[in-house]
Amino acid sequence: MEPDSLEGLTSEIIACRKCPRLVHHREAVARMKRAAFREWEYWGRPVPGFGDAHARLLVVGLAPAAHGGNRTGRVFTGDRSGEWLYRSLYRTGFANQALCVSKDDGLELRDCYIAAAVRCAPPENKPTRTEFARCQPFLVRETLLLPALRIVVVLGAVAMDAFLRVWRMTHHEIPRPRPRFRHEGTWSMPPIMLIASYHPSQRNTQTGLLTESMFDDVFRSARRALEEDAAQPVTQSNSVNLIQG
44 MEPDSLEGLT SEIIACRKCP RLVHHREAVA RMKRAAFREW EYWGRPVPGF GDAHARLLVV
104 GLAPAAHGGN RTGRVFTGDR SGEWLYRSLY RTGFANQALC VSKDDGLELR DCYIAAAVRC
164 APPENKPTRT EFARCQPFLV RETLLLPALR IVVVLGAVAM DAFLRVWRMT HHEIPRPRPR
224 FRHEGTWSMP PIMLIASYHP SQRNTQTGLL TESMFDDVFR SARRALEEDA AQPVTQSNSV
284 NLIQG
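Using the numbering used here, the first residue of the sequence shown is number 44, and each one after it goes up by one.
Have a look at this one:
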């Protein structure tokens with residue numbers, strides 16, 4: 044596979060063993076399993092991005108869940124957060140269905156690609172600074188391999204910080220003052236627009252900090268922005284490029 048293709052990058056991500064702590068944790072979880080999933084053969088490897096290679100929308104999360112993506116092998120699949128995310132993407136026209144239980148459930152994304160700041164399930168859902176840094180090049184390359192990219196939705200403050208680091212690495216401007224996370228915060232960062240959302244974690248959804256209506260509003264905003272962008276004339280500056288230097 045070509046190294047500068049999403050397919051080639053996916054193979055590279057799956058084979059990664061750069062973080063000993065994460066390798067140990069993801070494989071231990073895959074061996075021990077959760078009682079409810081004892082019949083499953085866990086994925087137990089890094090989880091690559093998923094979606095439409097021509098997507099204009101990129102969704103960035105934190106990391107796979109130990110018994111979600113680490114079990115199913117697909118980002119945001121097999122846990123409650125994924126149920127919320129894919130239901131919202133379905134309602135706003137970015138997915139063909141709301142069901143998200145396994146890699147072979149028929150789910151397809153439309154004009155949308157989903158990735159994470161860290162690709163292995165971390166202990167206590169808390170990657171270290173070094174683990175973020177080791178995974179960062181994967182998100183950089185995914186960003187560059189989505190040539191039609193126009194909107195980035197970040198799920199949570201940690202994912203937002205990770206994406207801002209990625210955006211700076213691709214030699215793009217970060218607004219000043221630096222964006223501070225707030226739900227439904229929106230920032231113009233040509234050639235993209237950044238939109239922030241609370242993460243659909245159980246802590247946020249069960250306490251009512253994030254409701255399904257609030258979550259849908261984020262992706263409705265993304266949809267409106269894409270429709271407005273489609274009406275604009277195409278120029279060379281509208282593409283995401285890595286400036287060499």
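Backbone N, C-alpha and C fix where the C-beta goes; we use that ideal spot for every residue, glycine too.
Test item: CB-CB of residue i and residue j under 9 Å
i, j, result
"Ala-141", "Gly-92", "no"
"Glu-227", "Trp-127", "no"
"Leu-101", "Val-196", "yes"
"Thr-115", "Phe-262", "no"
"Cys-62", "Cys-155", "no"
"Gly-125", "Ser-145", "no"
"Ala-98", "Leu-237", "no"
"Thr-248", "Arg-123", "yes"
Nearest to residue i (by Cα), restricted to the options the options
i, options, result
"Ile-157", "Ala-274, Leu-105, Ala-58, Gly-149", "Leu-105"
"Phe-206", "Ser-244, Phe-137, Gly-111, Gln-179", "Gln-179"
"Leu-182", "Thr-171, Val-209, Val-201", "Val-209"
"Pro-107", "Tyr-133, Ala-96, Ala-73, Glu-82", "Ala-73"
"Arg-69", "Ala-109, Ile-217, Ile-194", "Ala-109"
"Tyr-241", "Asp-47, His-214, Leu-198, Thr-229", "Leu-198"
"Arg-266", "Leu-192, Lys-61, Pro-218", "Leu-192"
"Pro-177", "Asp-260, Ala-274, Arg-77, Pro-89", "The amino acid occupying residue 177 in the given sequence is Arg; Pro does not appear at that position. Arg-177 has its Cα closest to that of Pro-89, out of Asp-260, Ala-274, Arg-77, Pro-89."
"Tyr-133", "Arg-225, Cys-59, Asp-259, Pro-165", "Asp-259"
"Ile-56", "Asp-204, Arg-184, Pro-165, Ala-273", "Arg-184"
"Val-103", "Trp-83, Met-257, Thr-53, Asp-204", "Asp-204"
"Asn-113", "Pro-165, Ser-231, Pro-276", "Pro-165"
"Arg-223", "Leu-252, Ser-231, Ile-194, Ala-200", "Ala-200"
Rounded straight-line distance, which links the Cα of residue j to that of residue i
i, j, result
"Arg-246", "Glu-174", "24 Å"
"Leu-152", "Arg-130", "12 Å"
"Pro-220", "Met-212", "18 Å"
"Arg-64", "Arg-117", "21 Å"
"Pro-243", "Glu-216", "28 Å"
"Gly-111", "Asn-139", "20 Å"
"Tyr-85", "Lys-169", "21 Å"
"Asp-148", "Thr-229", "33 Å"
"Val-66", "Thr-186", "25 Å"
"Asp-95", "Phe-137", "10 Å"
"Phe-119", "Leu-150", "12 Å"
"Ala-268", "Arg-81", "43 Å"
Endpoints, the alpha helix (DSSP H) within which residue i is located
i, result
"Ala-141", "Looking at the DSSP string, Ala-141 is not in any alpha helix (DSSP H), and its letter there is neither H nor E."
"Leu-132", "123-134"
"Val-261", "255-273"
"Thr-213", "Premise fails: Thr-213 is in no alpha helix (DSSP H) and is neither H nor E."
Helix, strand or coil at residue i according to DSSP, with G and I counted as helix
i, result
"Val-183", "helix"
"Thr-229", "strand"
"Phe-300", "Nothing about residue 300 can be reported from this structure: the residues present for the chain run from 44 to 288 only."
"Tyr-241", "coil"
"Val-66", "helix"
"Gly-51", "helix"
"Ala-158", "strand"
"Val-197", "strand"
"Val-90", "coil"
"Ile-235", "strand"
"Asp-103", "First, the amino acid is wrong: residue 103 is Val here, not Asp. Strand, per DSSP."
"Leu-150", "coil"
"Pro-166", "helix"
Any chain D beta carbon closer than 9 Å to residue i
i, result
"Arg-60", "Of the protein chains in the structure, only one exists, and it is not chain D."
Closer than 8 Å: residue i CB and nearest the ligand NAP heavy atom
i, result
"Arg-69", "This structure lacks the ligand NAP; in fact it carries no ligand of any kind."
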